[in-house]
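Chemist: The working numbering puts the first residue of the sequence shown at 19, with every later residue one more than the last. We treat Cβ as the ideally placed atom computed from N, Cα and C, and that holds for glycine. Here the structure is a predicted model, which is why all the values come from computation and not from measurement.
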Amino acid sequence: MNSRRQGLLILAAVLSGCASAPPPTATPATAAQRPDQPQRNDIALFAMGLLDTRYRWGGRGPATGFDCSGLVSHVFLQAAGLRVKGSSAELGQKARPVPADQLLPGDLVFFNTLGARHSHVGVYVGDGRFVHASNPRTGVRIDQLSNRYYAQRFEGAGSLLD
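This is the structure we're talking about:
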């Protein structure tokens with residue numbers, strides 16, 4: 019079993035453990051303000067299952083490849099039954115803003131990677147990580163929000179779920 023697959027299995031186990039509500043004393047006040055929805059972990063796990071899928075500008079499916087907004091559309095439809103359409107900028111307009119300290123799996127994270135507001139989007143999967151269709155060289159991958167490149171370009175987060 020390769021190390022990436024082992025990492026995914028460990029992350030899946032951690033996320034599934036997060037599906038049950040923690041005791042009230044362990045819940046930060048900010049997280050308690052956002053509803054925990056079962057769809058969130060489904061979205062995060064489905065997105066992680068698409069790692070290493072090739073990148074294709076305008077792509078909307080695993081057979082052809084994904085761009086960033088196509089990945090989000092596919093993940094939300096398949097994992098949560100929600101039709102989500104539009105560019106990353108349009109998704110940014112549709113999403114309800116979420117403070118960075120309240121991110122939950124299934125939220126969207128937005129970046130300015132092309133000199134335009136919300137020119138890139140990814141799916142937050144927890145533990146400071148997000149899945150996104152990065153570029154033709156790397157395809158769908160997982161990155162840390164703290165990665166210098168993404169931290170410098172982070173523009174905010176939003177939810178299409180609550």
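1. If I follow the unbroken beta strand (DSSP E) through P115, where does it start and stop?
2. Go through its chain and collect everything with a Cβ distance to P41's Cβ below 7 Å, but skip five positions before and after it.
3. Let me make sure I understand the geometry here. Which of L89, R58, I61 has the alpha-carbon closest to that of Y73?
4. What does the alpha-carbon distance come out to for the pair V139 and F129?
5. Which class does L163 belong to by DSSP, given the choice of helix, strand or coil?
6. Roughly how many angstroms lie between the CA atoms of F64 and G104, to the nearest whole one?
7. CA-CA distance, P154 and G77?
8. Note down, one range per segment and in chain order, each beta strand (DSSP E) of at least 3 residues found wholly within the stretch 121-150.
9. I'd like the list of long-range same chain contacts for A97, defined as Cβ closer than 6 Å, with 5 residues on each side in sequence excluded.
10. Pick out the complete beta strand (DSSP E) segments inside the stretch 46-105, 3 residues or longer, and give them in chain order.
Modeler: Inspection of the coordinates gives the following:
1. 114-116
2. Note on P41: pLDDT 30, under 50, position unreliable in the model; the coordinate value appears next. So the list is empty, once near-sequence residues are dropped.
3. L89
4. 6 Å
5. coil
6. 20 Å
7. 11 Å
8. 126-129, 138-144
9. D60, I61, F64
10. none
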